[in-house]
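Heads up, the thing below is written out as structure tokens.
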Amino acid sequence: MAGGTIAGREIVSLRATREGLKRLIFSGNGLSIDSARLDGAPVAQRRGEKTLAFDLVRPLARGRTVRLELTYHGRPARGLAASATGLYTSYFACDWMICAQDKFGEKAAFSLDLSVPAGMQTLSLGRRTAVRPGPDGREIHRWQAPRPYSAYLYGFAVGRFARANARVGGAELALLSDVAGETELKRRFAETPAMVRFLSGKAGLPLPVRTYSQLLVEGGEAQEAATYSVLGKDSLPSGDAVPEEDWAIVHELAHQWWGNLVTCETLRDFWLNEGITTFMTAAWKEHRYGRAAYDAELRVARARLDRARALGFDKPLAWAGRYPSLGARRAVQYGKGALFMAHLREQLGEAAFWSGLRRYTRAHAGGTVTSRDLQAAMEAASGRDLAPLFGEWVYGSNPEQTAAPQSHP
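Quick note on our numbering: the sequence shown kicks off at 597 and runs consecutively.
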């Protein structure tokens, strides 16, 4: 990695889930493939408008496992950002490696070797399992994810970081930054242990990772990765006078359960990732700061949706068509999703609603979900037929629509 360019070697082990697979298809990007070999033999590549594909010499039988080995280099258009002493990734993993960005249902094991100057620190998924000498005075840091994750959650950071640590339950909280020292890190993230306890109770599951890291950078970043979050100073409370403006911290933390552990199967149900976490941000504020803070957070969601409606745009939550803008997408998937969860809470009552959320989270931990799964959990918890309610908010007039999902910015 130098000057915004990247070079890598990647090994993908995969198993055919249907008979006669003829082509392996990944997200397109600006990387140049230097070599591609399938089980040791060269394999041809084919680039489409938004895809990178590898044509197989012969179709794969269902259940067959193969090994794709790639070397590549290039300058990613998205997904890499400079920090004060290094760099970090943000969301677009399939711009700096070969993967399938929007195939949320295809979770995979992940390990990463980072070649960095000696003395630099690294952060990636799970835990660092080894450090070994590399060429030219460099070091190789190996990271291993604790479970399979969707590709959009892959990431890493490199820099000279100050560090602080805390514990909550059986988990470690690691605070990292190259723009703040230990004292500031502890101050800015002082509420994280309480947030973990609150969210664990509502999810019915402990924090899903042994170590959860929060990386503080400049700017307005607020992005989850599989086992850590990247948070910009501009996204956090500016001082003790407004501690309740901690939405980014709790929102990205909530993704450890809703989004990372329990992941929407396709972009059609992306609201299950973002609407639930936006609602849980409001729920945390109610718990920590009172009902007025909960209502204020939902007013933000309502205002976002109202702005989209004023421009003539509103869609059911489980909608796979095109959004005219990122703002419109977020108005529905974040704002309307949160408002629906709040409405469910009002309709079902406290006991049934939170029981349904726990049932949903526990039943699908480590897997993928659709809106039907949330509906089933809420119906089981409440003993009510929620088809009319989900029909109005989630499915609209065409609950079985299957329009092809588009890339999520």
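Using N, Cα and C, we set each Cβ at its ideal position, and we do this for glycine too.
Can you tell which of F875, G626 and S631 has its C-alpha closest to the C-alpha of R941? The residue you call residue 941 lines up with position 345 of the sequence shown. Of the candidates F875, G626 and S631, the one whose C-alpha sits nearest the C-alpha of R941 is F875.
Along the chain, where does the beta strand (DSSP E) containing R734 start, and where does it finish? Within the sequence shown, residue 734 is the residue found at index 138, counting from 1. Segment R734 to Q740, the beta strand (DSSP E) holding R734.
Identify whether Q997 lies in helix, strand or coil by the three-state DSSP scheme. Working through the sequence shown from its first residue, we reach residue 997 at position 401. At Q997, the pLDDT of 38 sits below 50, so the modelled position is not reliable and the matter cannot be decided from this model.
Going along the chain, which residues of its own chain have a beta-carbon closer than 6 Å to the beta-carbon of S711, five neighbours each way excluded? As a first step, residue 711 is located in the sequence shown; it is residue number 115 there, counting from the start. For S711, where only same-chain residues beyond five positions count, the Cβ hits under 6 Å are G730, R734 and I736.
Locate the beta strand (DSSP E) running through L648, then write down its first and last residues. Residue 648 sits at position 52 when you count from the first residue of the sequence shown. Per DSSP, L648 belongs to the beta strand (DSSP E) from T647 to L656.
In chain order, which continuous runs of the beta strand (DSSP E) of length 3 or greater are located wholly inside the stretch 836–901? none
CB of L913 within 9 Å of CB of S967, strictly: The residue given as residue 913 occupies position 317 in the sequence shown. The residue given as residue 967 occupies position 371 in the sequence shown. Yes.
Same chain, Cβ closer than 8 Å to E861, five either side skipped, listed in chain order: For the purposes of this step, residue 861 is taken as the residue at position 265 of the sequence shown. The answer, listed in chain order, is F700, G701, T964, V965 and T966.
Tell me which residue opens and which closes the alpha helix (DSSP H) that L907 is part of. As a working mapping, residue 907 is identified with position 311 in the sequence shown. No alpha helix (DSSP H) contains L907, which DSSP labels as neither H nor E.
Close-in-space but distant-in-sequence residues of the same chain around A821 (CB under 6 Å, 5 per side omitted): Locating residue 821 in the sequence shown gives position 225, where the first residue counts as 1. Contacts found: L749 and G751.
So A924 is in the alpha helix (DSSP H); what residue range does that whole segment cover? Translated into positions along the sequence shown, residue 924 becomes position 328. Start and end: L922 to R926.
Which residues does DSSP pair with N761 in a beta bridge? As a position in the sequence shown, residue 761 is number 165, starting the count at 1. Answer by DSSP bridge pairing, in chain order: A770.
Would E942 pass as an interface residue toward chain B - the criterion being a Cβ-Cβ separation below 9 Å? Annotation note: the requested chain B is absent from the structure, which comprises a single protein chain.
Which residue wins for smallest C-alpha separation from S726, given the options S707, R743 and P744? For the purposes of this step, residue 726 is taken as residue 130 along the sequence shown, with counting starting at 1. The displayed chain sequence assigns Ala, not Ser, to residue 726. Taking only the C-alpha atoms, the option nearest A726 is S707.
Inter-residue spacing [alpha-carbon to alpha-carbon] between I602 and S825: One-based indexing of the sequence shown puts residue 602 at position 6. One-based indexing of the sequence shown puts residue 825 at position 229. Each residue's Cα considered, the two are about 22 Å apart.
What does the Cβ neighbour count give for E645, buried or exposed, with the cut at 16 atoms within 10 Å? Numbered from 1 along the sequence shown, position 49 holds the residue referred to as residue 645. Label assigned to E645: exposed.
Counting beta carbon pairs with one atom in the stretch 669–686 and one in the stretch 605–613, are three or more of them shorter than 8 Å? no
Could you tell me how far apart the beta carbons of P920 and F909 are, in whole angstroms, since I believe they sit closer than 8 Å? Mapped onto the sequence shown, residue 920 falls at position 324. Mapped onto the sequence shown, residue 909 falls at position 313. Rounded, the Cβ-Cβ distance is 6 Å, consistent with contact.
Cβ neighbours of L944 in the same chain (closer than 8 Å, five flanking residues each side left out): For the purposes of this step, residue 944 is taken as residue 348 along the sequence shown, with counting starting at 1. Excluding sequence neighbours, L944 sits near G952, M974, A977, S978 and R980.
Does the Cβ-Cβ distance between D651 and R642 come in under 9 Å? Position 55 of the sequence shown, counted from the start, is the residue given in the question as residue 651. Position 46 of the sequence shown, counted from the start, is the residue given in the question as residue 642. Their beta carbons are under 9 Å apart, which means D651 touches R642 by this criterion.
Where does P638 sit, in a helix, a strand or coil, going by DSSP? The residue you call residue 638 lines up with position 42 of the sequence shown. Residue state, collapsed to three classes: strand.
Mapping DSSP to helix, strand and coil, what is T966? By 1-based counting over the sequence shown, the position of residue 966 is 370. It is coil, neither helix nor strand.
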